[in-house]
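With the working numbering, letter number 133 in the sequence shown gets 152, and the count goes up by one each step, no holes. By construction, the Cβ of each residue, glycine as well, lies at the ideal position given by its N, Cα and C atoms. Note that this is a predicted model, so its numbers are computed, not measured. This report concerns only the one structure given below.
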Amino acid sequence: MARSYATVGQMMSYAIDRSVSSPDVQMPRDRNGDVELLLRHMLEFVLMAARSRDAFLRTVAQTDHTTGSITGVPRLRSTSPDLIAELLPSSSDTDDSARLGISLHVSEPFSVRQLSRLRRALGSSPHHLLVVITRRSDLADSEGAAEQDRREQRVRQDQGPRADEGSAADQRAALPQGVITVSWHRLAKRMPKVDAGHAHLWETIGEIGENAGSPVVQYPLNARRLLTRSSIAQELRGHLDVFHLASRTLLGTSPHFSTRRGQTDAHLQAGVSRQRFGLEFGEVDHGSPVHLLRTGEKPVPLHIGRLAADEQRAQAKERLEAIARRSSWRTDPAAIPHRAELLGTPASPEVEGARLLLWAVMNPMLLRDRGFDLAPARRQPALTATSLGLRLLERGDGTGATYRIWVGESRHWGSLIPRVTREGSGGESEETYAVAPRKKQSTADFVWEVHKALRSLTINR
């Protein structure tokens, strides 16, 4: 009789049923925690099959031990594994039984220190084994981003098999003993080859795990129209001028993109913190993209739109100075005046669409996936009358080269077409590419094209 394999629908039904009844549901967690809970029970389902379980142990866990059931368990502490099983002794003559833990992660990178804590949570036996499944760009110490993988592969091809052995040894040395890491991407590539009957299940698990922690930049927007029309560029520039005016008047500084660790979106801010209100240029609310904001709280619209005349600029300046005179406005929400009327022209839907696109191009999580980290805050370019940009460093590059994504040309913006630049240093000249959206190109494909152009600047050095 032919073997009967499970379907994706059966796996999802099982995972949803188990997730909604899990004790984790009662615990505070974010969206990524919900996804990790679902993935826990998806993986639990596929590992019920003995053949799939054996393939996982040999291919991913890299052990000759066998186990009984690999079951999902509530994550009672931050160091608790998502799934656990007993590793049976390799033979009747040995006493090397141990515990297998599997930790799933779709958001922030794990540091080696965090991995050590996860491993210690299993117990003190040297035979315990922890498998960590995480996003492709996480764990640069053990696995690295996709671009780094390709670069190392080219080096190994040039240097022969010994280089491959050395690279693998270096990766293992970076990890705590008894810890194995694999990305969702590699899980989806490797497991279908050794467990073909459940290939569709492994591919689904890998795709969800890889994409769950990644920002979605597929918007129903016409990128070509939004970024090439001068009228939209000038309107957005007008609202940025209001933001710059507010920042200089209230805080005495010019805004730049935030470099706070762990961000999943771009944030153009000045003075924002958990204790004190600052300013952010964000989603249009009540006609204005300029908000007063304190981390973790709801933004307060400034109620100042685009200013077209000198009289409106004078009124805006007076309104901002009235806020500044209240010395407690940065710590006491009651000190912030709430106005119903909007001064100036409200932002159009096109301005919000253009902002969404540009913020996706400058998204720190997507850029980290491409091998770039944000330069320190002190090195970030401030918003000026002529340009808006984000400065980056290539991960692992010791030369000190800096890169920039930016928009703007002069005081008069004719378009919002982003440019990518390798900034000149050490005698090297500056190099810049402009990346214009193509007709009918999706927003996700356009963002990818900009980041690909940025990556090409590292290759041409």
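Please go through the same chain and pick out, in chain order, the residues whose beta-carbon is closer than 7 Å to the beta-carbon of glutamate 166, but skip the five residues on each side of it.
Residue confidence is low: glutamate 166 scores 41 on pLDDT, short of 50, so the model does not pin down where it sits. Its coordinate-derived value is still stated next. Excluding positions up to five away in sequence, the list reads Arg389, Gly390, Arg474.
Is tyrosine 33 helix, strand or coil by DSSP?
Helix.
Label proline 42 either buried or exposed according to how many other C-beta atoms from any shown protein chain fall within 10 Å of its C-beta, with 16 as the threshold for buried.
Taking all protein chains in view, the Cβ of proline 42 is surrounded by fewer than 16 other Cβ atoms within 10 Å, so the residue is classified as exposed.
Identify the residues that DSSP records as bridge partners of glutamine 288: which are they?
His275, Glu299
Nearest-angstrom Cα separation, counted from histidine 124 out to alanine 182:
Here alanine 182 scores only 40 on pLDDT, less than 50, and its place in the model is too uncertain to base an answer on.
Skipping 5 residues on each side, what residues in its chain have a beta carbon closer than 6 Å to that of valine 370?
Glu254, Leu255
Between alanine 148 and glycine 197, which are expected to be in contact by the criterion C-beta below 8 Å, what is the C-beta distance as a whole number of angstroms?
In the sequence under discussion, the amino acid at residue 148 is leucine, which differs from the alanine named in the question. Indeed, because the Cβ distance is near 6 Å, the residues count as touching under 8 Å.
Determine the direct distance from the alpha carbon of arginine 96 to that of threonine 451, and round the result to whole angstroms.
48 Å
Comparing C-alpha positions only, which one of Ala455, Thr26, Lys317, Ser347 sits nearest to asparagine 241?
Ala455
Which runs of the beta strand (DSSP E) at least 3 residues long sit entirely within the segment 306–357? Give them in chain order.
Fully enclosed beta strand (DSSP E) runs of 3 or longer: 307–312.
Look at the alpha carbon of arginine 139 and the alpha carbon of aspartate 53, and state the distance between them as a whole number of angstroms.
25 Å
Please specify which runs of the beta strand (DSSP E), each continuous and at least 3 residues long, are wholly inside the segment 95–151, giving them in chain order.
Listed in chain order, the beta strand (DSSP E) runs fully inside the segment 95–151 are 102–106, 117–123, counting runs of at least 3 residues.
With 16 other CB atoms within 10 Å as the buried threshold, where does isoleucine 478 fall?
exposed
Within 10 angstroms of the Cβ of isoleucine 35, are there 16 or more other Cβ atoms? Answer buried if so, exposed if not.
exposed
Could you name the residues of the same chain whose beta carbon sits closer than 8 Å to that of isoleucine 199, not counting the 5 residues immediately before and after it, in chain order?
Val79, Ala80, Gln81, Leu148, Leu149, Val150, Val151
Buried or exposed: valine 235, going by 16 or more other Cβ atoms within 10 Å of its Cβ?
exposed
What three-state label does DSSP hand arginine 474 in the structure shown?
helix
Could you compute how far the alpha carbon of glutamate 496 sits from the alpha carbon of histidine 310?
Past the edges of the chain, shown from 20 to 480, lies residue 496, and the structure says nothing about it.
Give the secondary structure of aspartate 464 by DSSP, where H, G and I count as helix, E and B as strand, and everything else as coil.
helix
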